[in-house]
Amino acid sequence: MTSHIPQHDEHKEMSDWFISLFPKIRPAFIADDGCWIASMMTRSSDHNPPWAWIGWAFDSVSERGRFSRLQERMIEMHGEKSCRGQEVLDEAVRQLVTETCATAWSLKRFGSNNLPLSNGTHIENSTTGNWIVSNDGDTGFAINVVRLRPPNTQQEVVQQISTAVEVTKRTKPDGITHIYLYVDIWHDGPGYAHGIGYDFEATQPIIDSLSGYAGEQGIRYVLTKPFQWGNPVAEWL
């Protein structure tokens, strides 16, 4: 699939977005501070697709007047100051970043001028219904946004996908015909071009599992590399 690169007159760097979202956190390397947000403030999207797509997702949401709400939710989940490496807080923010990416994907996919509304709450297991919902006329849809977690075995990834499909079926909002499962692969830092999402032999069993489980339930799906909402690994729409 050809990657669609969003065009903006003034593209804002991903790190600048995080500085704007968290003005009380100072940029710092992960070894010095431990906070994922602080470390992201030191990163550049040059030659690093995951960071570029995060910036474009923030652009997309901000252009529709929702920057303040996004900031409120991120601070609510993480706190306004450095977490000093508290993984549960950093993962809560990464879940919201993935949700923002799914929102940007939906705006591009459905051509809606209205942002879908968040209809879920973050809990430790992100397969439990982090929904974004739109009732925009004929383009009403609901997307369950899931971040896969780093596994010890490939079977654990398959189990995460099976659970995500089951939860999507069980918790889907009433009155919405078009249901989607948006699955974002975890990020293996400090680089990005490793493992599932990039290596064919590692990725194909995951695609097959998602296709099989979701297909049986009639649930449309999108599978993306870390945060790369405009360049899916696989999708069934």
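Those letters in the sequence shown? Residues 1039 to 1275, per our numbering, in order. Every residue gets a Cβ at the ideal spot worked out from N, C-alpha and C, and that includes glycine.
| Query | Result |
| --- | --- |
| In the structure shown, what three-state DSSP assignment does Ile1245 receive? | helix |
| Among residues of its own chain, excluding the 5 on either side of Ile1245, which ones have a beta-carbon nearer than 8 Å to its beta-carbon? | Leu1261, Val1271, Ala1272 |
| Are the CB atoms of Asn1182 and Thr1206 within a distance shorter than 8 Å? | yes |
| Under 8 Å: do the segment 1139 to 1154 and the segment 1114 to 1125 share three or more Cβ pairs, one atom per stretch? | no |
| Please report the residue range of the alpha helix (DSSP H) in which Thr1080 lies. | Unbroken run through Thr1080: none, as it is neither H nor E. |
| To the nearest angstrom, how far is it from the Cα of Ala1066 to the Cα of Ile1075? | 9 Å |
| Kindly indicate which three-state DSSP category Pro1065 falls into: helix, strand or coil? | coil |
| Could you tell me how far apart the beta carbons of Leu1186 and Asp1222 are, in whole angstroms, since I believe they sit closer than 8 Å? | 7 Å |
| I need the straight-line Cα distance from Pro1189 to Gly1178, nearest angstrom please. | 34 Å |
| Let's see if you can read the secondary structure: which residues bound the beta strand (DSSP E) around Ser1120? | Unbroken run through Ser1120: none, as it is neither H nor E. |
| Could you compute how far the alpha carbon of Phe1056 sits from the alpha carbon of Tyr1220? | 23 Å |
| Beta-carbon separation of Arg1111 and Leu1153 under 8 Å? | no |
| Of all the options Val1184, Arg1258, Gln1193, which has the alpha carbon lying nearest to the alpha carbon of Val1135? | Val1184 |
| If you draw a straight line from the C-alpha of Trp1169 to the C-alpha of Arg1208, how long is it? | 12 Å |
| Just verifying my parser: in three-state terms, what is the DSSP assignment at Met1039? | With a pLDDT of 40 at Met1039, under the threshold of 50, the modelled position of that residue is not reliable, and no figure is offered here. |
| What is the DSSP secondary structure of Arg1187, counted as helix, strand or coil? | coil |
| Assuming Tyr1251 contacts Ile1199 (C-beta within less than 8 Å), just tell me the rounded distance between them. | 6 Å |
| Give me the Cβ distance between Ser1156 and Glu1129, rounded to the nearest whole Å; I'm assuming they're in contact under 8 Å. | Contact doesn't hold; Cβ gap of about 17 Å is too wide. |
| Taking Ala1095 and Trp1267 to be in contact with their CB atoms under 8 Å, please state how far apart those CB atoms are, rounded to whole angstroms. | 6 Å |
| Based on DSSP bridge pairs, tell me the residues matched to Ile1170. | Ser1156, Ile1181 |
| Determine the direct distance from the alpha carbon of Asn1269 to that of Gly1233, and round the result to whole angstroms. | 17 Å |
| Can you tell me the Cα-Cα spacing of His1160 and Arg1132, whole angstroms? | Note that His1160 scores 38 on pLDDT, short of 50, meaning its location in the model is unreliable; the coordinates nonetheless yield the value given after this. Roughly 11 Å separates the two Cα atoms. |
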